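Everything below concerns the one structure shown next.
Next comes the structure, spelled out in structure tokens:
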């Protein structure tokens, strides 16, 4: 039986400087907003903003290991970034099943990423599961 | 639900899944008309229709459909 609507998993994480450095090297994304503290502050932020790609990596952790887990195949991911997540800030990713189609063997999920009472991002995923 | 009510709702789902298709979505429309309509997109289409219309399909029902007209008839039996 597929995970049913309402079933959820929460993942707590912190993006640290080592993760930022690794992602910068891997992606070759050297945006000032992610690397230059003075620049980030000059345009109104509290510090450099964590790479969105690292947040997606946290989503990958949840999808691949927990919901639906290691037998699922991802069909769709989308994300809307709503507020900056700063390096060293603790965040919680909550992924919840919104719809389960037994006929299609697919679950549709929605997720939020929050840091305290700040909503950082929202999004959706779809995963196929083998019969 | 009449055709006039159902087809616009089905069309919304088709537009969302097949974003490169701008043609009509009518009873005779089939996978042959929409290049993006492969097996994986079909799964996403059926899931979207389930969600949008609050219905549930069976695996055998999905596999037996040949065109949008048959899909509309199936949907109507579930509303």
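Residue numbers (my numbering), protein chains in the order written: chain W, 1 to 131; chain U, 1001 to 1079. Note that CB positions come from ideal geometry on N, CA and C, so glycine has one too. These figures come from a predicted structure and were not determined experimentally.
Where residue i sits in the DSSP three-state scheme
{"i": "residue 1065 of chain U", "result": "coil"}
{"i": "residue 50 of chain W", "result": "coil"}
{"i": "residue 122 of chain W", "result": "strand"}
{"i": "residue 63 of chain W", "result": "helix"}
{"i": "residue 113 of chain W", "result": "strand"}
{"i": "residue 1 of chain W", "result": "coil"}
{"i": "residue 1022 of chain U", "result": "coil"}
Residue j beta carbon less than 8 Å from that of residue i
{"i": "residue 85 of chain W", "j": "residue 107 of chain W", "result": "no"}
{"i": "residue 1025 of chain U", "j": "residue 101 of chain W", "result": "no"}
{"i": "residue 1072 of chain U", "j": "residue 1027 of chain U", "result": "yes"}
{"i": "residue 19 of chain W", "j": "residue 34 of chain W", "result": "no"}
Chain U contact residues for residue i, given Cβ-Cβ distances below 8 Å
{"i": "residue 126 of chain W", "result": "1044 and 1047"}
Closer than 9 Å at the beta carbon, the chain U residues around residue i
{"i": "residue 1 of chain W", "result": "Ordered by position in chain U, no residue passes the 9 Å Cβ test against residue 1 of chain W, which lies about 14 Å from the chain."}
Beta-bridge partners of residue i, as assigned by DSSP
{"i": "residue 13 of chain W", "result": "W/91"}
{"i": "residue 77 of chain W", "result": "W/125"}
{"i": "residue 83 of chain W", "result": "Answer is none; residue 83 of chain W lacks a bridge partner."}
Interface partners of residue i on chain W, CB under 8 Å
{"i": "residue 1056 of chain U", "result": "101, 102 and 103"}
Partner residues on chain W for residue i, Cβ-Cβ distance less than 9 Å
{"i": "residue 1040 of chain U", "result": "75 and 128"}
{"i": "residue 1062 of chain U", "result": "103 and 104"}
Partners in chain W for residue i, counting only beta-carbon separations shorter than 7 Å
{"i": "residue 1059 of chain U", "result": "103"}
Worksheet item: What are the residues of the region 93 to 117 of chain W that lie near chain U, defined by any Cβ-Cβ distance shorter than 7 Å?
Response: Those would be 99, 101, 103, 104, 106 and 108, in chain order.
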